Structure formats: structure tokens, C-alpha cells
Amino acid sequence: MLIALAQINPTVGDIDGNCKKICASIESARAKGADLVLFPELCVPGYPPRDLLLRKEFVQRNVNCVETIAAACKDIIAVVGFASPNNDAAGKELYNAAAVCQDGRVLATYRKRLLPTYDVFDESRYFAPGDASTPLTVTVSGKPVRLGVTICEDLWNDEPYINRKLYGADPIADLAQQGVDLIVNISASPFTMGKQRVREDLFARQVAEHGIPLALVNQVGGNDELIFDGASAFFDTKGKCLLRCESFVEDLKFVDTDDPPSEAPIQLPTDIDAVHRALVLGTRDYVCKCGFSDVVIGLSGGIDSAVTAAIAVEAVGKDHVHGVAMPSRISSDHSVDDARQLSMNLGIDHRVISINDIHLASEKTLAGDFAGTTVGVAEENIQARARGGILMALSNKFGWLLLTTGNKSELAVGYCTLYGDMCGGLAVISDVPKMMVYALANFINESAGMAIIPQNTIDKVPSAELRENQTDQDSLPPYETLDAILQKYVEQDMDITEIVQAGFDRELVVDVARKVDRNEYKRKQAATGLKVTSRAFGTGRRMPIAAKYAY
Numbered sequence: 279m280l281i282a283l284a285q286i287n288p289t290v291g292d293i294d295g296n297c298k299k300i301c302a303s304i305e306s307a308r309a310k311g312a313d314l315v316l317f318p319e320l321c322v323p324g325y326p327p328r329d330l331l332l333r334k335e336f337v338q339r340n341v342n343c344v345e346t347i348a349a350a351c352k353d354i355i356a357v358v359g360f361a362s363p364n365n366d367a368a369g370k371e372l373y374n375a376a377a378v379c380q381d382g383r384v385l386a387t388y389r390k391r392l393l394p395t396y397d398v399f400d401e402s403r404y405f406a407p408g409d410a411s412t413p414l415t416v417t418v419s420g421k422p423v424r425l426g427v428t429i430c431e432d433l434w435n436d437e438p439y440i441n442r443k444l445y446g447a448d449p450i451a452d453l454a455q456q457g458v459d460l461i462v463n464i465s466a467s468p469f470t471m472g473k474q475r476v477r478e479d480l481f482a483r484q485v486a487e488h489g490i491p492l493a494l495v496n497q498v499g500g501n502d503e504l505i506f507d508g509a510s511a512f513f514d515t516k517g518k519c520l521l522r523c524e525s526f527v528e529d530l531k532f533v534d535t536d537d538p539p540s541e542a543p544i545q546l547p548t549d550i551d552a553v554h555r556a557l558v559l560g561t562r563d564y565v566c567k568c569g570f571s572d573v574v575i576g577l578s579g580g581i582d583s584a585v586t587a588a589i590a591v592e593a594v595g596k597d598h599v600h601g602v603a604m605p606s607r608i609s610s611d612h613s614v615d616d617a618r619q620l621s622m623n624l625g626i627d628h629r630v631i632s633i634n635d636i637h638l639a640s641e642k643t644l645a646g647d648f649a650g651t652t653v654g655v656a657e658e659n660i661q662a663r664a665r666g667g668i669l670m671a672l673s674n675k676f677g678w679l680l681l682t683t684g685n686k687s688e689l690a691v692g693y694c695t696l697y698g699d700m701c702g703g704l705a706v707i708s709d710v711p712k713m714m715v716y717a718l719a720n721f722i723n724e725s726a727g728m729a730i731i732p733q734n735t736i737d738k739v740p741s742a743e744l745r746e747n748q749t750d751q752d753s754l755p756p757y758e759t760l761d762a763i764l765q766k767y768v769e770q771d772m773d774i775t776e777i778v779q780a781g782f783d784r785e786l787v788v789d790v791a792r793k794v795d796r797n798e799y800k801r802k803q804a805a806t807g808l809k810v811t812s813r814a815f816g817t818g819r820r821m822p823i824a825a826k827y828a829y
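Below, the structure is given as C-alpha cells:
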């Protein structure tokens with residue numbers, strides 16, 4: 279049996295466009311002689327469709343699309359993810375489903391049984407769980423083949439890879455007991471650093487345990503904060519990966535179960551390479567799917583804006599990236615020079631707009647109200663807000679999407695200015711800790727074979743340059759220490775005592791935790807950020823604002 283893995287990049291809500299993409303892939307697979315072609319989870323409406331699923335007309339159009347897809351399935355079987363209506367009187371109105379189509383009709387519909395409700399997932403909000411895993415017998419070249427269809431989370435209930443079993447059901451075990459020739463898993467499994475290997479290890483272990491080959495197809499592309507890495511794969515009965523699709527790009531690959539490939543599959547990227555590719559893809563798809571062509575970035579001469587600009591150039595092309603340096607009387611000469619050099623290296627539009635006049639005018643306007651007070655953060659932030667206003671004016675005037683440049687470490691502790699450097703439509707590196715930003719900068723330069731990001735930008739002490747001789751470490755611990763504490767407090771949800779027991783000073787841990795908690799209000803107003811770690815500030819972390827914490 280020749281199986282095609284159609285790793286496509288659907289657009290959420292674009293049912294007609296997704297339908298055309300699916301039908302085109304079916305035709306390409308058929309032209310190569312494929313017997314079976316697999317598509318990702320909910321690829322018809324796009325994943326995640328969220329509250330679009332509450333619109334009956336939207337759901338009906340998605341059902342109609344499946345009928346169109348079935349009509350295109352001549353001499354080929356297609357497994358396609360869609361939202362299927364629940365016609366029972368009780369329960370949620372929809373199922374997360376897979377349609378098995380052949381010769382103009384839907385042979386069967388499988389309903390996803392295990393519905394995730396953790397991190398960014400909220401599938402029980404929309405879907406009822408399926409109640410059974412039943413093999414489907416299809417005819418391939420005149421011979422019966424028993425397929426076991428599963429959807430994403432159905433294969434993520436293996437205890438060695440999770441802290442505790444989340445579900446009572448085990449779809450793959452149920453199918454194995456009934457006897458199947460092939461397990462099919464259609465997924466929309468979002469990327470986080472290190473997850474690609476975890477996913478493959480998990481699936482390979484289950485395949486080897488049951489002795490049944492597995493064909494996995496995973497969605498690729500960026501949809502809002504989520505980035506899907508693809509890396510679809512085929513595993514033999516021993517759990518060995520025989521074929522793998524490219525990561526972070528659309529792909530259509532074929533595997534013949536009667537004549538499996540002998541050459542080694544494409545390698546998975548390293549962690550830092552994967553994060554870089556994810557950010558490029560996430561930026562490109564957010565910009566394009568939102569209807570923008572160009573982006574604008576404030577260039578400070580620092581490493582965060584430099585990495586953001588380099589990613590933007592790879593995402594949308596140098597002719598569509600506009601860099602703006604906005605020096606004040608406090609800005610250092612090397613920052614202005616580094617911003618200019620970065621723009622030259624990237625080949626992007628570079629503008630210099632001084633904020634001195636705005637800064638002085640604002641200080642003069644507020645002088646009476648601020649009289650008799652100590653100069654502090656409020657005065658410093660006038661500069662950040664002046665820059666934010668300029669960037670938003672350019673965005674508004676020319677229709678450019680403003681990319682914010684703050685990293686996860688800063689966003690976590692509130693080392694950022696509302697309506698200042700937080701202005702923008704997409705926060706490219708808001709889930710990238712500061713030390714990882716440095717790793718990305720070095721990776722970008724190594725990959726280019728030259729210092730795209732000026733070495734001085736990488737080497738110099740980080741500073742917001744809102745007052746004379748300021749450095750980040752005037753307000754924050756060293757980033758190596760801060761990132762380690764944040765990983766435990768934010769990503770692992772460890773309490774203060776546990777973090778202290780891991781070797782950190784209690785006073786420092788409490789100070790960091792307080793900063794994280796009391797700056798929740800800022801993050802609620804932050805731009806959408808691309809998720810690349812296991813716990814990002816976004817839909818997967820839901821913390822109260824008006825709350826009291828014990829430390």
C-alpha cells in the first residue's frame with residue numbers, strides 16, 4: 279500500500295481555501311499512485327478554530343467541504359479532519375472527527391475520544407468525546423486492509439511520558455486488541471522546544487508495544503500564537519521511524535508499506551534550529567494570514583530588536599521590513615551605530631527619527647504636575663512611550679504590522695512599558711528567555727557565515743538606555759539566574775520553597791515571584807506572542823490579576 283502524508287498549512291476559517299488545498303494534494307497523491315492520503319486534524323476549518331465552531335453556518339460549510347473532498351477521492355482513500363455535528367440530543371454539538379473518503383462518498387467518520395483541556399487546549403468547550411475505537415476495513419488493490427484511525431491526543435495517554443494518566447480510555451490499545459493492519463493518526467500538535475523528539479519517542483514506544491505500523495500526519499504552519507512543526511512520520515512494527523517529512527514547511531511524502539524506504543529519514547533539527555525555524559514560520563504566517571505585507575520594528579541597537587529584525591527578514595523578505603532607530607539625548611553612539619549596521623547587514627529600510635523634541639515637550643508639559651517629586655521610572659518611560667507612538671503612527675499611516683521586540687524574561691517581570699515598547703501587533707520573541715535570545719543571535723550569525731547581528735550588539739551589557747549609565751542588572755538579577763528561576767516558577771509551576779531547595783536565594787526568588795505575579799495586568803494587554811516553550815504567557819497560562827499571593 280502506498281501512503282501519502284499530506285502535511286499542509288491550513289488557514290483557520292478559510293474553508294474554501296483549505297478545501298482547494300486538500301483537493302490539490304489528493305490529486306498530487308493520486309498522480310503518484312497513492313492508495314491512501316492522510317491530512318491533519320481539523321484541516322478543513324483549520325486548527326484551532328476556537329469559537330468559530332459556535333457558528334452553525336461555519337460548521338455547515340465545513341461539512342459541505344467534506345462532501346466536495348469525497349467527490350475528489352476517485353481511486354484513492356483520503357482521511358481528513360473536520361468538525362462533525364453531534365445529532366444526539368445530549369452532549370456538545372460537535373465532534374472532532376476524521377472522515378474516511380473513497381470513490382465519491384464518506385465511508386466512515388471516526389470521532390476523537392481523548393479531548394485535551396490543558397495548556398493551550400480547550401477541546402471540551404466545543405466537542406463531545408467519541409465513545410469507541412472501531413477498525414475500518416477498506417479495499418486496497420482488491421485486498422482488505424483494516425485501518426485504525428486516531429486523532430492526535432488519542433495517542434498521548436502513555437504513562438511513562440506524562441505525570442499521570444489523564445484518561446480512562448486507551449484508543450490504540452483498543453484497536454490493537456481488535457486487530458488492525460495500520461494505525462493512522464491525524465494531528466495538529468503544536469511545537470514547543472524539545473517536543474518533536476518526545477512525540478516520536480512516545481509514538482515509537484506504543485507502536486513497538488503493539489507491533490502495528492503507524493502513519494502520522496501533523497499540521498504545519500502558524501495560527502495566532504501556535505506554531506505547528508509538521509515532522510509527519512511513518513513507523514514500522516518495531517517503532518523505527520522509516521520516513522519523516524520536513525519540519526516547518528508544507529510537504530507531501532510517500533511510503534510503500536510493501537517496499538519500505540531503506541535510506542535514513544530526514545533528521546530532526548536541533549533545538550535552537552527548531553526554535554529559529556518556528557519563529558520564522560510563526561511570524562510569516564501571522565503577517566500573511568492577517569493580510570499584511572510589511573512590518574516595522576524599532577531598532578535600539580540591542581540584541582532583542584536585532585534578533586527580531588533578522589527573523590522578520592527571513593519571514594517576509596528584506597524589502598518588506600522597515601527598521602526605525604529613535605535615539606534620545608540619552609542614547610549611546612554605539613547603539614545608533616549598531617542599529618544602522620544591523621540594517622545594512624540585513625539590507626532593510628533604515629530610518630532615524632529622533633525623539634528629543636517629543637521627549638522635551640512631554641517633560642515640559644508634565645513639569646508642573648511632577649514638581650517636587652523625585653525623578654524616576656515615570657520620567658524614563660516617557661521615552662519608551664514616545665517611541666511607541668512614533669512606531670504606531672508609521673504602522674497606522676503605511677499599513678505596516680508593528681513587531682514588538684521584548685523577550686520572555688522581561689515580560690515575565692514587567693521590565694517593559696505599557697503603551698511604549700509593548701506597542702505592536704505581534705510579539706515575536708515574547709516566549710524566548712533572554713539567554714535563548716543570545717543563542718539565537720549566535721545561531722543566526724553562524725548559519726549566515728557572517729556577523730548579520732553585529733558582534734558588539736551581542737557582547738555589550740544589555741540596557742534600556744532610559745537614563746544615563748543604566749543597565750538591565752540595575753533592576754534585575756543576572757539573566758542566567760533570572761531565566762533559571764522563571765523556568766521553575768512559570769513553566770514548571772514550582773512553589774517558592776521548591777525553587778529555594780533547588781539552590782536559589784530565598785529573598786531573590788520571592789522578589790522574582792512578586793514581579794511575575796504583580797505584572798499579570800501588563801501581560802493581559804500585551805501583543806499576541808509566538809509560543810515556543812512548554813508554558814508561554816498566553817492562552818495556556820490563565821492567572822488572576824486582582825489577587826493576593828502568599829510568599
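Numbering (the numbering used here), first residue to last: 279 to 829. Beta carbons are placed, not taken as given, at the ideal position from N, Cα and C, and that holds for glycine. Given the structure is predicted, the values throughout are model-derived calculations rather than measurements.
Using 10 angstroms around the beta-carbon of residue 348, count the other beta-carbons present and answer buried if the total reaches 16, otherwise exposed. Against the sequence shown, residue 348 aligns to sequence position 70. Result: buried.
Simplified DSSP assignment, three categories, for residue 762: Reading the sequence shown from its first residue, position 484 is the one you call residue 762. Reduced to three states, the DSSP call for residue 762 is helix.
Taking the beta carbon of residue 484 as the centre, do at least 16 other beta carbons fall within 10 Å, making it buried, or is it exposed? On the sequence shown, position 206 is the one that residue 484 refers to. Burial call: buried.
Could you check what DSSP says for residue 701 in three-state terms: helix, strand or coil? To locate residue 701, count along the sequence shown from 1; it is residue 423. Coil.
Please confirm whether residue 606 and residue 633 have their CB atoms less than 8 angstroms apart. In the sequence shown, residue 606 corresponds to position 328, counting from 1. In the sequence shown, residue 633 corresponds to position 355, counting from 1. Cβ atoms of residue 606 and residue 633: closer than 8 angstroms.
Mind checking which residues open and close the alpha helix (DSSP H) that includes residue 223? Residue 223 is absent from the structure shown; the chain starts at 279 and stops at 829.
Three or more beta-carbon pairs under 8 angstroms between the stretch 545-560 and the stretch 320-331, yes or no? In short, these stretches do not touch, since the Cβ pair count stays below three.
Compare the C-alpha of residue 734 against each of 748, 618 and 712 and name the closest. The count along the sequence shown starts at 1 and reaches residue 734 at position 456. Cα-wise, what sits closest to residue 734 is 618.
Taking the Cβ atom as the reference point for each residue, do residue 708 and residue 807 lie within a distance shorter than 8 angstroms? Here the question's residue 708 lines up with position 430 in the sequence shown. Here the question's residue 807 lines up with position 529 in the sequence shown. In contact: residue 708 and residue 807 (Cβ atoms closer than 8 angstroms).
8 angstroms Cβ cutoff, residue 651 in contact with chain B: Absent from the structure: chain B. Only one protein chain is present.
Can you check which of these residues, 730, 519, 793 and 655, is closest to residue 641 by C-alpha distance? Residue numbering aside, residue 641 sits at position 363 when the sequence shown is read from its first letter. Per the Cα distances, 655.
Contact test: residue 474 Cβ vs the ligand ADP heavy atom, cutoff 7 angstroms: With respect to the ligand ADP, the structure shown offers nothing to examine, as it has no ligands at all.
Secondary structure at residue 421, three-state DSSP: helix, strand or coil? Position 143 of the sequence shown, counted from the start, is the residue given in the question as residue 421. Three-state DSSP puts residue 421 in a strand.
Kindly indicate which three-state DSSP category residue 380 falls into: helix, strand or coil? By one-based count along the sequence shown, residue 380 stands at place 102. In the structure shown, residue 380 sits in a strand (DSSP, three-state: E or B).
Could you check the C-alpha separation between residue 622 and residue 601 for me, to the nearest Å? Position 344 of the sequence shown, counted from the start, is the residue given in the question as residue 622. Position 323 of the sequence shown, counted from the start, is the residue given in the question as residue 601. Whole-angstrom Cα-Cα distance: 10 angstroms.
When burial is assigned at 16 or more other CB atoms within 10 Å of the CB, is residue 378 buried or exposed? On the sequence shown, residue 378 is found 100 positions in, with the first residue counted as 1. Under the 10 Å beta carbon count, residue 378 is surrounded by 16 or more other beta carbons and is classified as buried.
Buried or exposed: residue 500, going by 16 or more other Cβ atoms within 10 Å of its Cβ? For the purposes of this step, residue 500 is taken as residue 222 along the sequence shown, with counting starting at 1. Per the 10 Å Cβ criterion, buried.
As a quick exercise: from 653, 664 and 457, pick the residue whose alpha carbon is nearest that of residue 701. For the purposes of this step, residue 701 is taken as residue 423 along the sequence shown, with counting starting at 1. Cα-wise, what sits closest to residue 701 is 664.
DSSP state of residue 449, grouped into three classes? Residue numbering aside, residue 449 sits at position 171 when the sequence shown is read from its first letter. Note: residue 449 maps to helix in three-state DSSP.
Identify, in the order they occur along the chain, each residue of the same chain with its Cβ nearer than 8 angstroms to the Cβ of residue 291, setting aside the five sequence neighbours on each side. On the sequence shown, residue 291 is found 13 positions in, with the first residue counted as 1. Close CB contacts of residue 291 within its chain, under the 8 angstroms cut and outside five residues either way in sequence, are with 323, 324, 327, 330 and 336 (chain order).
Three-state class that DSSP yields for residue 792 in the structure shown: Locating residue 792 in the sequence shown gives position 514, where the first residue counts as 1. Three-state DSSP puts residue 792 in a helix.
My understanding is that residue 586 touches residue 706, with C-beta atoms under 8 angstroms, so please give their C-beta distance in whole angstroms. For this step, residue 586 is matched to residue 308 along the sequence shown. For this step, residue 706 is matched to residue 428 along the sequence shown. The distance from the Cβ of residue 586 to that of residue 706 is about 5 angstroms, consistent with a contact at the 8 angstroms cut-off.
Give the secondary structure of residue 522 by DSSP, where H, G and I count as helix, E and B as strand, and everything else as coil. Along the sequence shown, one-based indexing puts residue 522 at 244. Strand at residue 522.
Measuring alpha carbon to alpha carbon, tell me which residue in 528, 477 and 502 is nearest residue 513. Position 235 of the sequence shown holds residue 513. Among 528, 477 and 502, the Cα nearest to that of residue 513 is on 477.
In the DSSP assignment, what are the bridge partners of residue 513? Counted from its first residue, the sequence shown places residue 513 at position 235. 492 and 519, per the DSSP bridge assignment.
Among 375, 357 and 508, which one has its Cα closest to the Cα of residue 364? Within the sequence shown, the letter at position 86 stands for residue 364. Minimum Cα-Cα distance from residue 364 among the listed residues 375, 357 and 508 corresponds to 375.
Limits of the unbroken beta strand (DSSP E) element including residue 531: Working through the sequence shown from its first residue, we reach residue 531 at position 253. 529-534 is the span of the beta strand (DSSP E), which, as asked, contains residue 531.
State the Cα-Cα distance for the pair residue 676 and residue 752, rounded to the nearest angstrom. Translated into the one-based positions of the sequence shown, residue 676 becomes position 398. Translated into the one-based positions of the sequence shown, residue 752 becomes position 474. Those two C-alpha atoms are separated by around 38 angstroms.
What residues match up with residue 316 in a beta bridge as DSSP calls it? As a working mapping, residue 316 is identified with position 38 in the sequence shown. DSSP links residue 316 through a beta bridge to 283 and 357.
So, is residue 401 buried or exposed, given that buried needs 16 or more other C-beta atoms within 10 angstroms? What you label residue 401 is simply residue 123 of the sequence shown in a count that begins at 1. Residue 401 should be labelled buried.
Kindly list the residues whose CB is nearer than 7 angstroms to the CB of residue 703, restricted to its own chain and excluding five residues on each side of it in sequence; keep chain order. For the purposes of this step, residue 703 is taken as the residue at position 425 of the sequence shown. 679, 680 and 805.
Contact between the stretch 364-373 and the stretch 389-407 (3+ Cβ pairs under 8 angstroms): Between the stretch 364-373 and the stretch 389-407, the count of Cβ pairs shorter than 8 angstroms is three or higher; the stretches touch.
Measure the Cβ-Cβ separation of residue 282 and residue 310 and say whether it is below 8 angstroms. As a working mapping, residue 282 is identified with position 4 in the sequence shown. As a working mapping, residue 310 is identified with position 32 in the sequence shown. A contact, by the Cβ cut-off of 8 angstroms.
From residue 339 to residue 820, what distance separates their C-alpha atoms? By 1-based counting over the sequence shown, the position of residue 339 is 61. By 1-based counting over the sequence shown, the position of residue 820 is 542. Rounded to the nearest whole angstrom, the CA to CA distance from residue 339 to residue 820 is 32 angstroms.
By DSSP, does residue 734 sit in helix, in strand, or in coil? As a working mapping, residue 734 is identified with position 456 in the sequence shown. Looking at residue 734 - three-state DSSP - the assignment turns out to be helix.
Within 10 angstroms of the Cβ of residue 568, are there 16 or more other Cβ atoms? Answer buried if so, exposed if not. Numbered from 1 along the sequence shown, position 290 holds the residue referred to as residue 568. By the neighbour-count rule (16 or more Cβ atoms within 10 Å), residue 568 is not buried but exposed.
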